[in-house]
Structures are given as C-alpha cells and as structure tokens.
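Novice: Mind having a look at this structure? Questions to follow.
Numbering (UniProt numbering), first residue to last: 1 to 300.
What follows is the structure, given as structure tokens:
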C-alpha cells in the first residue's frame, strides 16, 4: 500500500456537533491555511472536509443552520413507521442542487482525501478515495448511521454505512500509512470518553437485517476510546495536535436549536486561529529537530 505524506488532517463526525469543525475549517479557508499532505474525514467530518477542499467557505454552515433544521430532514413519524429517521437522500439531493460542490477545485487538488466508511456486510472499516464524480455518494455512505438510515449506500455493488461504526477517528490508519504530523479536529471536549451502549438489546433488534453490524455497533466505544488513547500517547516520531470544543460544549447529535448551533460554529471559528498557531509551532519544532526529513513542511 502506498504511503502518504507526513502531514495529515483528520476530522471527526458527530452529526450536528460537526458544526464546530465546520467553523474551524471556514477559518482555515479565510486564512488560506492548508498545510497538509492528506485529509481524513468520517461522517459529518467528511462533508466538512469536502467543502474545505472545494474552497467553499460558508457552504456547510448553511447546511447546519438551514437545511438540517428543515422538517424534511429529521422525520420521527416516518421512523416510527419503519422508515429512516434522517432523510439523507433529500439532504444530498437538495444541497447538491442548490449549493453545489466545486468539482473543478476538488479535481485540481492532488492530495488524497480519505473518507471513512463501514462495510455493511462485514462491519469492517474502509478508507475510500473516490473520484470527484462519486464523492457525493461516498459522503452520504460515510454519514449513513445504521438505525437512523436503515439500508446503507451502494457504492459499486457494496453497501456501506457510517464510518464511525468501525473507525470514528482514523488516527491509527493515518499513522500506518505514513503520517507523522497529525491534526485532529474533534466534535467532543477533550475529557469525553464514549460509554458502552445503554440499549444493546434494542440495537440488536433494530439491526436484525444486518447482523454483521451488531458487534461493531455494540463495541464502538472500545475503538473510539482506543483512538483517544493513541492521540494522547502517540508512538515515537509522531506528533498529534488535538483541537476540541471547550469542556462546556454540550451540543447534541441531533440538535435542532439554531442559536446553539450558531454558537458552536462561532466557537469553531474562534478556535481556528489557535489551531493554526499550534500547528505552525509543532512544524517549527520538527524542523529544528529533523530538518532533513521535513524541509518541505514550511509550505502552506
């Protein structure tokens, strides 16, 4: 497997909580900051990265503060009757039609963009780098949380679901492929650790049609917390910078409160400058220690 460059940006999902990283990335665009060799996004993080790489500031902010709050997106009544709680089909169709995505800019950027997904038939993680023409469907697959969007997304004859099921923060995979300087944009405060599921029996029943997803769904917390342990204890030669919302950040996965969402976006924007400064300081430190291996990291 080909290795990637040393500098990676990883963006966690988290549904509506992703508006924090949306704000961070909008600040990055405002500053012309893109000092990375590869990009890794999961679920909402993948969608936020797509807007960032397409250089479309404000695009996803409008999705969070407008489209996501419309009655067509979250449909409890439909869910109660056996349908999907989140209408991702409607969301993708209307936002691509009305907001678009700049394929020319995406196509011109040679840096790899990995989207984390989970195979519905095995429960295993995959990291796809789709062609720009299939990017939208891959983003949808990465966001297709089982139970909330019941049937997954077909990509080339294989059905996929939310990447967060198998690998919510793909730090280990980025390191395995050669990343040595990594920034992780989180959707939870630094102290957060995921708990075991409270309704295991209900989860099993709702996933009866897709039994290979049951074990991964019930053990998500183990892999999630293992990723956080790795972030806080990286192997020798690896530097990881973690950008988190503040400890009082309490936005819910399916928040419908516009004021809370806008505040979370503003917090992300305000956190963006500190993220840039921390990254630049880490790069300067790396240059001082190992100038021959990171001499090209002054770019961006």
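The C-beta atom is built at its ideal place from N, Cα and C for all residues, glycine as well.
Only a predicted model underlies this, so the values are computations on that prediction, with no experimental measurement involved.
1. If distances are taken between C-alpha atoms only, which option among 234, 232 and 145 comes closest to residue 206?
2. Quick one: any contact between the segment 254-264 and the segment 69-86, if contact means 3 or more CB pairs under 8 Å?
3. Straight-line CA distance for residue 312 to residue 77?
4. So, do the segment 210-226 and the segment 176-196 have three or more beta carbon pairs nearer to each other than 8 Å?
5. On the three-state DSSP scale, how would you describe residue 295?
6. Please name the residue or residues paired with residue 199 in a DSSP beta bridge.
7. Give me the Cα-Cα distance between residue 275 and residue 208, rounded to the nearest whole angstrom.
8. Is residue 116 helix, strand or coil when you go by DSSP?
9. Does DSSP classify residue 41 as helix, strand or coil?
10. Would residue 271 and residue 243 be called neighbours here (beta carbons separated by less than 8 Å)?
11. Select from 142, 121 and 92 the residue whose C-alpha is nearest the C-alpha of residue 67.
12. Answer yes if the segment 155-167 comes into contact with the segment 115-129, meaning at least three C-beta pairs across the two stretches below 8 Å, and no otherwise.
13. Report the option in 103, 23 and 98 whose CA atom is closest to the CA atom of residue 131.
14. Tell me whether residue 11 is buried or exposed, calling it buried when 16 or more other Cβ atoms sit within 10 Å of its Cβ.
15. Tell me whether residue 289 is buried or exposed, calling it buried when 16 or more other Cβ atoms sit within 10 Å of its Cβ.
16. By the 10 Å Cβ neighbour count, where 16 or more other Cβ atoms means buried, how is residue 16 classified, buried or exposed?
17. Tell me, please, which residues DSSP counts as bridged to residue 181.
18. Closest to residue 80 by C-alpha separation, out of 143, 57 and 149, would be which residue?
19. Quick one: grab the DSSP three-state call for residue 105.
20. Quick check: what's the CA-CA separation for residue 59 versus residue 65?
21. Would you report the Cα separation of residue 151 and residue 284, rounded to the nearest angstrom?
22. Taking the continuous beta strand (DSSP E) assigned at residue 153, which residues delimit it?
Specialist: In this structure, then:
1. Here residue 206 is taken as the residue at index 206 of the chain shown, counted from 1. Selected option, being the one with the closest Cα: 145.
2. Counting Cβ pairs under 8 Å, three or more are found: they touch.
3. Any question about residue 312 goes unanswered here, given that the chain covers just 1 to 300.
4. With a cut-off of 8 Å, the segment 176-196 and the segment 210-226 count as touching, because enough Cβ pairs lie within range.
5. Taking the first residue of the chain shown as 1, we reach residue 295 at position 295. Low per-residue confidence applies at residue 295: pLDDT is 41, beneath 50, and the placement is therefore not dependable enough to give any value.
6. Numbered from its first residue, the chain shown carries residue 199 at position 199. Residue 199 is not bridged to any residue.
7. On the chain shown, residue 275 is found 275 positions in, with the first residue counted as 1. On the chain shown, residue 208 is found 208 positions in, with the first residue counted as 1. Going by the C-alpha atoms only, they are around 43 Å apart.
8. Here residue 116 corresponds to residue number 116 of the chain shown, with the count starting at 1. DSSP places residue 116 in strand when its eight states are reduced to three.
9. Locating residue 41 in the chain shown gives position 41, counting from the first residue. Taken through DSSP and simplified to helix, strand or coil, residue 41 comes out as strand.
10. On the chain shown, residue 271 is found 271 positions in, with the first residue counted as 1. On the chain shown, residue 243 is found 243 positions in, with the first residue counted as 1. The Cβ-Cβ distance between residue 271 and residue 243 falls below 8 Å.
11. What you label residue 67 is simply residue 67 of the chain shown in a count that begins at 1. Of the candidates 142, 121 and 92, 92 places its Cα closest to the Cα of residue 67.
12. Touching, yes.
13. Numbered from its first residue, the chain shown carries residue 131 at position 131. Comparing Cα-Cα distances from residue 131 to each of 103, 23 and 98, the minimum goes to 103.
14. As a working note, residue 11 is residue 11 in the chain shown. Counting Cβ neighbours within 10 Å, residue 11 comes out buried, since at least 16 surround it.
15. Your numbering for residue 289 matches position 289 in the chain shown. If you draw a 10 Å sphere on the C-beta of residue 289, you find fewer than 16 other C-beta atoms in it, and that means exposed.
16. On the chain shown, residue 16 is found 16 positions in, with the first residue counted as 1. Under this definition residue 16 is a buried residue.
17. As a first step, residue 181 must be located in the chain shown, where it is residue number 181. The beta-bridge partner set that DSSP reports for residue 181 consists of 7 and 239.
18. For the purposes of this step, residue 80 is taken as residue 80 along the chain shown, with counting starting at 1. It is 149.
19. As a working note, residue 105 is residue 105 in the chain shown. Residue 105 sits in a helix when the DSSP states are folded into three classes.
20. On the chain shown, residue 59 is found 59 positions in, with the first residue counted as 1. On the chain shown, residue 65 is found 65 positions in, with the first residue counted as 1. Distance between the alpha carbons of residue 59 and residue 65: 10 Å.
21. Locating residue 151 in the chain shown gives position 151, counting from the first residue. Locating residue 284 in the chain shown gives position 284, counting from the first residue. Take the alpha-carbon of residue 151 and the one of residue 284: they are about 47 Å apart.
22. Position 153 of the chain shown, counted from the start, is the residue given in the question as residue 153. Residue 153 -> beta strand (DSSP E) spans 153-155.
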